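Before any comments, here is the structure.
Residue numbers (our numbering): 1 to 403.
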């Protein structure tokens, strides 16, 4: 091929040396182009393979996994490192898998950051200038140094889209600065009795920000009492102003808007050391009972949402199975109706024929006469008292509203 190119270029009028150089360059370009095509096709094949594998994985996640517990009952087997189901009304742990072990919690850290930030109310329209330290190695952010952003928009960025630079800006401009802010986060955890919880910084990028699933469940239950927090967590999308630029952000919580689960609060998180994480306060739309569900250390993001739905469904069905008959049935007085004998019915029919009375009317009269005593007894009994049914967990529901 190279010799043919040299001959062709020589015929075209190029000297032999220049023809060789040009042919070499053309040959190298052809080889490089072919190499890039091979690489591109390889990337496409790998991408398609990953896509098919991910589709199969997502389909498999739709089926809950169960295992036999110590007492012989079926309990959840989650596709994650740890998790817990907690009833905030009774304070009871309904299920747990390594629920008391401390693990990195990634951006779920921002729940405590938000609690501390809201301890000192600030004007939502206050302009905050973004610093370079806010955006440095922030993983993902819509902010740029020297941009002016409203404080209310920083809160939306921090919670809705989990923007790390926004959280840093909030902590930096808080009373006492970032260091005092983190110290207050740890102090707040101790005040709430969350003994496994510790923070090194306010975003969750540091894998030394740790907590157990059980303490995260209690933290979510406490945070959901503040309507300012739940209004942010339940916002599916928002439009914010960053400098002169307007942008739309979307919530990282993929359970919002689903019909099979009611979400009161939720926060996602991910770093390599933590895996995919999700802490939530949710309820079954039919049962209505609120549960705090935490899933930590999943390999893929869809797993935390699928497992949350499976765990809630299991908790709801288990609660129904464990109810005693007294809780599920209304005891009514037993009334034994005395039916007329066959001879009485036959006699009534014969009498009806002689009196030319419709047969059915005669039978009805015989039944009424035979049961008159029992009917009198039933009428004299007092009516059963009504039952008051209380649905626990409804007190945590709230109507989303902004500042």
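From the three backbone atoms N, C-alpha and C, an ideal C-beta is built for every residue, glycine too. Predicted model, so just to flag it, every value in this text is computed and none were measured.
Going by other Cβ atoms of all chains shown within 10 Å of its Cβ, with 16 needed for buried, is residue i buried or exposed?
i: residue 32; result: exposed
i: residue 132; result: exposed
i: residue 121; result: exposed
Please identify the residue among the options whose C-alpha is closest to the C-alpha of residue i.
i: residue 273; options: 127, 206 and 47; result: 206
i: residue 223; options: 62, 163 and 109; result: 109
i: residue 186; options: 178, 179, 198 and 175; result: 198
i: residue 70; options: 95, 177 and 196; result: 95
i: residue 288; options: 263, 280, 297 and 295; result: 263
i: residue 279; options: 286, 232, 156 and 219; result: 219
In the structure shown, what three-state DSSP assignment does residue i receive?
i: residue 311; result: helix
i: residue 296; result: strand
i: residue 278; result: strand
i: residue 302; result: helix
i: residue 199; result: coil
i: residue 161; result: coil
i: residue 291; result: strand
i: residue 284; result: coil
i: residue 131; result: coil
i: residue 252; result: coil
i: residue 235; result: coil
Once the 5 residues before and after residue i are set aside, which same chain residues still bring their CB inside 7 Å of it?
i: residue 310; result: 64 and 76
i: residue 157; result: 142, 163, 166, 240 and 249
i: residue 46; result: none
i: residue 189; result: 112 and 197
i: residue 153; result: 240 and 241
Excluding five sequence neighbours on each side, which residues of the same chain lie with their C-beta closer than 8 Å to the C-beta of residue i?
i: residue 144; result: 130, 135, 242 and 243
i: residue 210; result: 102, 103, 104, 105, 196, 197 and 198
i: residue 265; result: 220, 223, 224, 229, 230, 233, 234, 280 and 281
i: residue 193; result: 218
Given residue i, which residues of its chain have a CB within under 6 Å of its CB, disregarding the five upstream and five downstream residues?
i: residue 100; result: 212 and 214
i: residue 305; result: 254 and 255
i: residue 117; result: 170
i: residue 300; result: none
i: residue 203; result: 164 and 167
Rounded to whole angstroms, what is the Cα-Cα separation between residue i and residue j?
i: residue 79; j: residue 282; result: 19 Å
i: residue 179; j: residue 146; result: 22 Å
i: residue 93; j: residue 319; result: 12 Å
i: residue 292; j: residue 35; result: 53 Å
i: residue 250; j: residue 74; result: 37 Å
i: residue 230; j: residue 237; result: 14 Å
i: residue 308; j: residue 42; result: 36 Å
i: residue 48; j: residue 270; result: 24 Å
i: residue 168; j: residue 200; result: 13 Å
i: residue 126; j: residue 172; result: 14 Å
i: residue 268; j: residue 138; result: 16 Å
i: residue 312; j: residue 61; result: 15 Å
i: residue 97; j: residue 182; result: 29 Å
Taking 8 Å as the threshold (beta carbon to beta carbon), is residue i in contact with chain B?
i: residue 112; result: Looking for chain B here will not work: only one protein chain is present.
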